[in-house]
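The next block holds one structure in the form of structure tokens; read it before the comments.
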Amino acid sequence: MLARVADTPAQGITVQDVSDAGLDDWRLLANGLHARFRTGGMPAGLALVAAVVAAAEELDHHPDVDLRMTRVDVRTVSHDVGRVTRRDLRLARRISDIAAEEGLVAEPHALAQVEVALDTADLAAVGPVWAALLTGDAGALDGNDVVDRTGRTPLLWFQGTDAHAVPRQRFHLDVWVPHDVAQARIDAAVAAGARVVDESAAPSFVVLEDPEGNRACVCTALDR
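The sequence shown maps to residues 1 to 224 in the UniProt record's numbering.
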């Protein structure tokens, strides 16, 4: 059971908090607390979704739910403060209990999320352009992030860099995975021909590049 801890809007949740809460089904990724439940078919998935909706109404805290043929993916985040809070831990616990009662198995190691990063020396100039392209609203910026409340466009954030005249890679992918599968993902990429460029920020992220020098980061929620 979760310890009774008062909610404060500034209180963010860490990987250790999720572990301490016994939420083995769930993983922190780029923009929320995520879980995947294997249902085996639409009827079982629909039953799970209906039960999750009922629990969300009772707790007055509502997740994003994605129903597919053989699985249900769930993401919960406290939108009013833009981060995961203990409200999300309570909802996650309830959802896991419901799934267990229905005999459904979670697949936390199957979770992943891709975020696009754009290096820029002038966020004020380029940020509104990409916000308008992705969402239709040039004002859809929250700090360094383009925010699409509908979840239909890729996650995009702007990484500050120095101004430079010589062209170089500006876009790169941040591949968010559960912290306990990050090394396996890195090893798989290296075995396929990638090279580790920088692991000084591990386990938060590790930079890899392909044989042509295109870079990407394998990211986790650890040490953030």
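Don't be surprised by glycine CBs; every beta carbon is placed ideally from N, CA and C.
Alpha carbon of residue i to alpha carbon of residue j, nearest angstrom
{"i": "LEU118", "j": "PRO128", "result": "13 Å"}
{"i": "LEU48", "j": "GLN113", "result": "23 Å"}
{"i": "GLN183", "j": "ALA201", "result": "14 Å"}
{"i": "ARG170", "j": "ALA131", "result": "17 Å"}
{"i": "THR76", "j": "GLY213", "result": "36 Å"}
{"i": "ALA50", "j": "PRO63", "result": "12 Å"}
{"i": "LEU104", "j": "SER96", "result": "9 Å"}
{"i": "VAL206", "j": "GLU199", "result": "5 Å"}
{"i": "VAL175", "j": "ALA54", "result": "33 Å"}
{"i": "ILE98", "j": "ASN31", "result": "23 Å"}
{"i": "ASP73", "j": "LEU67", "result": "7 Å"}
{"i": "VAL190", "j": "TRP26", "result": "27 Å"}
{"i": "PRO43", "j": "ARG94", "result": "20 Å"}
{"i": "VAL65", "j": "ARG224", "result": "26 Å"}
{"i": "VAL15", "j": "ALA21", "result": "10 Å"}
{"i": "LEU133", "j": "ALA165", "result": "25 Å"}
Secondary structure of residue i, DSSP reduced to three states
{"i": "ALA117", "result": "strand"}
{"i": "VAL72", "result": "strand"}
{"i": "ALA35", "result": "strand"}
{"i": "ASP97", "result": "helix"}
{"i": "ALA106", "result": "strand"}
{"i": "LEU23", "result": "coil"}
{"i": "MET1", "result": "Legend: pLDDT at MET1 = 29, less than 50; position of this residue unreliable, value from coordinates given subsequently. Here MET1 sits in coil by DSSP."}
{"i": "ARG83", "result": "strand"}
{"i": "ASP17", "result": "helix"}
{"i": "PRO9", "result": "With a pLDDT of 36 at PRO9, under the threshold of 50, the modelled position of that residue is not reliable, and the figure given next carries that caveat. Correct three-state label for PRO9: coil."}
{"i": "ASN60", "result": "Here the sequence assigns Asp to residue 60, which means Asn is not the residue at that position. Three-state DSSP puts ASP60 in coil, outside helix and strand."}
{"i": "VAL53", "result": "helix"}
{"i": "LEU67", "result": "strand"}
Buried versus exposed, by CB contacts within 10 Å (16 or more), residue i
{"i": "GLY160", "result": "exposed"}
{"i": "ASP24", "result": "exposed"}
{"i": "GLU115", "result": "buried"}
{"i": "SER78", "result": "buried"}
{"i": "PRO154", "result": "exposed"}
{"i": "THR150", "result": "exposed"}
{"i": "ASP122", "result": "exposed"}
{"i": "ARG90", "result": "buried"}
{"i": "LEU59", "result": "exposed"}
{"i": "ALA221", "result": "buried"}
{"i": "residue 242", "result": "A question about residue 242 goes unanswered here, because the residues of the chain that appear run from 1 up to 224."}
{"i": "ALA6", "result": "With a pLDDT of only 35 at ALA6, under 50, the local geometry of the prediction cannot be trusted, and no value is derived from it."}
{"i": "ASP80", "result": "exposed"}
Same chain, Cβ closer than 6 Å to residue i, neighbours up to 5 away in sequence not counted
{"i": "ASP145", "result": "TRP157"}
{"i": "VAL147", "result": "ALA140"}
{"i": "CYS219", "result": "ASP174, TRP176, PHE205"}
{"i": "ALA163", "result": "ALA121"}
{"i": "LEU29", "result": "GLN113, TRP176"}
{"i": "VAL126", "result": "THR120"}
Proximal residues to residue i (C-beta, below 7 Å), its chain only, five neighbours per side dropped
{"i": "GLU209", "result": "ALA194, ARG195, VAL197, ARG215"}
{"i": "PRO211", "result": "GLY193"}
{"i": "ARG4", "result": "Model confidence at ARG4 stands at a pLDDT of 29, short of 50, so the residue's coordinates are unreliable and nothing is read from them."}
Any non-hydrogen atom of the ligand FMN closer than 7 Å to residue i Cβ
{"i": "VAL116", "result": "Although the ligand FMN was asked about, the structure shown includes no ligands whatsoever."}
Contacts around residue i, its chain only, beta-carbon distance under 8 Å, and the 5 residues preceding and following it disregarded
{"i": "ARG71", "result": "ARG36, PHE37, ARG38, THR39, GLY45, GLU107"}
{"i": "GLY12", "result": "ARG83, VAL84, THR85"}
Neighbour flag for residue i against chain C, beta carbons, 8 Å
{"i": "ARG149", "result": "The structure shown has no chain C; it contains just one protein chain."}
Length-filtered (4 minimum) alpha helix (DSSP H) runs lying within the UniProt domain "Glyoxalase-like" (116-219): Counting only runs of 4+ residues, the alpha helix (DSSP H) found wholly inside the UniProt domain "Glyoxalase-like" (116-219) occupies 123-135, 182-191, in chain order.
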